[in-house]
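S.K.:
If you want it as structure tokens, here you go:
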């Protein structure tokens, strides 16, 4: 296949909530967290207080389940004014283990869409978060054979994408990123001059929802699911060629 | 510089306990953990019980501070028969934050040794564990400009090294790995036909001490500190040339 047709030479895919479910499990874990601390105190803002702790710890913990569980424990101690029992602390640790053990559930049409793009040009997986957990999910997904490279990065910002473009040997204008997060998958790539396909997911972590799309909107398409990816890629490919 | 002289074309360095201190801080955190649970129960095997929990969680958590802290909390609940207070659980979380915040302390002679090798051939950093924390340490170390690449991997086994050799474009016989862990830095590289410089550290995590060197001992040198690295490299270079 001609890997340079239309000027697009490489497609990057986000993983969590783009290829497979993820935020749903985090939402369930957070609901369970609220039930656990709700047995000690009667408050309606436990979720907000947890998010404040998570955000405060982000620069130290990074993304991923293990940091979230440590933030949950810290928040539970604070919310219950140090009254939470050891048994309930243990339930929070087990919540985290449940998330780490959860089988990978592909979203509809993912395998077909990735296969179709991969038949035309190289595809890479670019995902953020915990190295160990992300590697396990890629392995369990059964998709790893389709991806030329799997990049697990600690932050998805313009600096990271610029480094990846250099490693991949592509110009920004030859690259399309497909993902559910405007903040992490789309905005930084458009900012560098690349292309984006936004696949919104029905639930978004508050942190990822904090995004502003300042420029480059004309180099982006939004689709409802990966089944529409080939059509969006055709449109972007035609634009990139013109 | 001639990057192929003597057949050695690339040198890899481990990070924790090879370039900078690490296990000392973990040992201190473990001693503090034993003091915390020691207020509840009178036992001499708290460290062994913690290690058993850590080992049991390794396949789920991987390496790094955050997984260790979660294992500490789980072990503390078990050891105290769920009597540990929320305040003491919080102290364990803070132990972990202290480890993540700890400034990087280079070991003696490291900068000079790495600079000297890097003047002759490309050097790469190959480290295991938590992506976010390892990236922060590399940044803080002031050494990142010396390394051609920084690879953070989830496990240092023959499979990982074979993948890295392919990515780096070197044969195993052209590669020397420098590190403190026989299990992670030396044995898998020797097994593939590469070369090793072992720099034992004065304290070793029980898990890393579980190693057997089955073959390739003649392709390894042991040194007392990185100050002796240039001499060891000369010896291995001469052997690789012969």
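Chains as they are written, first to last, in this note's numbering: chain A, 1 to 242; chain B, 243 to 484.
We put the beta carbon where it would ideally sit given N, CA and C, even for glycine.
#1: Looking at C-alpha atoms only, which residue of 176/A, 94/A, 141/A, 205/A is the closest neighbour of residue 198/A?
#2: Beta-carbon of residue 407/B versus every beta-carbon of chain A: anything under 7 Å?
#3: At what residues does the alpha helix (DSSP H) containing residue 55/A begin and finish?
#4: Cβ of residue 40/A within 7 Å of Cβ of residue 83/A?
#5: Using C-beta distances below 6 Å, list every residue in its chain close to residue 5/A, excluding the 5 sequence neighbours before and after it, in chain order.
#6: For residue 133/A, does the three-state DSSP call read helix, strand or coil?
#7: Which of the three DSSP states is assigned to residue 310/A in this structure?
#8: Do three or more CB pairs link the region 147–159 of chain A to the region 88–106 of chain A at distances below 8 Å?
#9: Does any residue of chain B have a CB that is nearer than 7 Å to the CB of residue 170/A?
#10: Suppose contacts are defined by Cβ-Cβ distances below 7 Å. Is residue 99/A in contact with residue 65/A by that definition?
#11: Could you run through the region 327–345 of chain B and flag, in chain order, every residue whose CB is less than 8 Å away from some CB of chain A?
#12: Cα-Cα, which of 301/B, 365/B, 271/B is closest to residue 225/B?
#13: If contacts are defined as beta-carbon pairs under 8 Å, then residue 373/B and residue 261/B qualify, I think. What distance do you get, rounded to the angstrom?
#14: Can you check whether the C-beta of residue 72/A is within less than 7 Å of a C-beta belonging to chain B?
#15: Given this structure, state the Cα-to-Cα distance separating residue 345/B from residue 445/B, to the nearest angstrom.
#16: Since residue 23/A and residue 47/A should fall inside the 8 Å C-beta cutoff, what is the C-beta to C-beta distance between them, to a whole number of angstroms?
#17: Which residues in the same chain as residue 75/A place their Cβ atom closer than 7 Å to its Cβ, once the five residues preceding and following it in sequence are excluded?
#18: For residue 152/A, return the contacting residues in chain B, with the cut-off set at a CB-CB distance below 8 Å.
#19: Specify, as a first and last residue, the run of the alpha helix (DSSP H) that residue 237/A falls within.
#20: In chain order, what residues of the same chain have a beta carbon less than 6 Å from the beta carbon of residue 368/B, not counting five sequence neighbours either side?
#21: In the DSSP assignment, find the unbroken alpha helix (DSSP H) run with residue 93/A in it and report its ends.
#22: Where are the alpha helix (DSSP H) runs, 4 residues long or more, that stay fully inside the region 252–284 of chain B, in chain order?
#23: Which residues in chain B have a C-beta closer than 8 Å to the C-beta of residue 80/A? List them in chain order.
#24: Rounded to whole angstroms, how far is the Cβ of residue 180/A from the Cβ of residue 14/A, which I believe are closer than 8 Å?
#25: Over what stretch of residues does the alpha helix (DSSP H) that includes residue 314/B continue unbroken?
#26: Quick check on this structure: which residue in 242/A, 178/A, 7/A has the alpha carbon closest to the alpha carbon of residue 16/A?
#27: Mind checking which residues open and close the alpha helix (DSSP H) that includes residue 460/B?
#28: Does residue 135/A have its Cβ less than 7 Å from a Cβ in chain B?
#29: Can you grab the Cα-Cα spacing for the pair residue 361/B / residue 465/B, in whole Å?
#30: Taking residue 355/B and residue 478/B to be in contact with their CB atoms under 8 Å, please state how far apart those CB atoms are, rounded to whole angstroms.
#31: Can you give me the Cβ contacts of residue 243/B inside the same chain, cut-off strictly under 7 Å, excluding the 5 residues immediately before and after it?
#32: Where residue 185/A and residue 191/A are concerned, what is the direct C-alpha to C-alpha distance, given to the nearest angstrom?
#33: Expressed to the nearest angstrom, what Euclidean distance is found between the alpha-carbon atoms of residue 62/A and residue 483/B?
#34: Using a Cβ-Cβ cutoff of 7 Å, what residues of the region 50–73 of chain A are near chain B? List them in chain order.
#35: Run the CB neighbour count on residue 55/A, radius 10 Å, all protein chains shown included, and call it buried at 16 or more, exposed below.
#36: On the DSSP letters alone, give me the boundaries of the alpha helix (DSSP H) that residue 465/B sits inside.
M.R.: Short version:
#1: 176/A
#2: no
#3: 46–61
#4: yes
#5: Low per-residue confidence applies at residue 5/A: pLDDT is 43, beneath 50, and the placement is therefore not dependable, though the value from the model is reported in the following sentence. Cβ within range, chain order: n/a, list empty.
#6: helix
#7: Because chain A here runs from 1 to 242, residue 310/A falls outside it and cannot be looked at.
#8: no
#9: no
#10: yes
#11: 327, 328, 329, 331, 332, 335, 338, 339, 342, 343
#12: It is not possible to answer for residue 225/B, since the shown part of chain B is limited to 243 through 484.
#13: Not confirmed; about 17 Å, so no contact.
#14: no
#15: 19 Å
#16: With 8 Å as the limit, residue 23/A and residue 47/A do not qualify as a contact, their Cβ atoms being about 14 Å apart.
#17: 49, 50, 53
#18: 373
#19: 229–241
#20: 254, 393
#21: 86–101
#22: 265–280
#23: 328
#24: 6 Å
#25: 307–321
#26: 178/A
#27: Where residue 460/B is concerned, there is no enclosing alpha helix (DSSP H), given that its DSSP letter is neither H nor E.
#28: yes
#29: 21 Å
#30: The pair is not a contact, with the Cβ atoms about 14 Å apart (cut-off 8 Å).
#31: Here the model assigns residue 243/B a pLDDT of 39, short of 50, so the residue's position is not dependable, and the following value carries that caveat. Counting only Cβ-Cβ distances below 7 Å, and skipping sequence neighbours, we find 361, 362, 363.
#32: 11 Å
#33: 45 Å
#34: 60, 61, 62, 66, 67, 69, 70, 73
#35: exposed
#36: Element bounds for residue 465/B: n/a, residue is neither H nor E.
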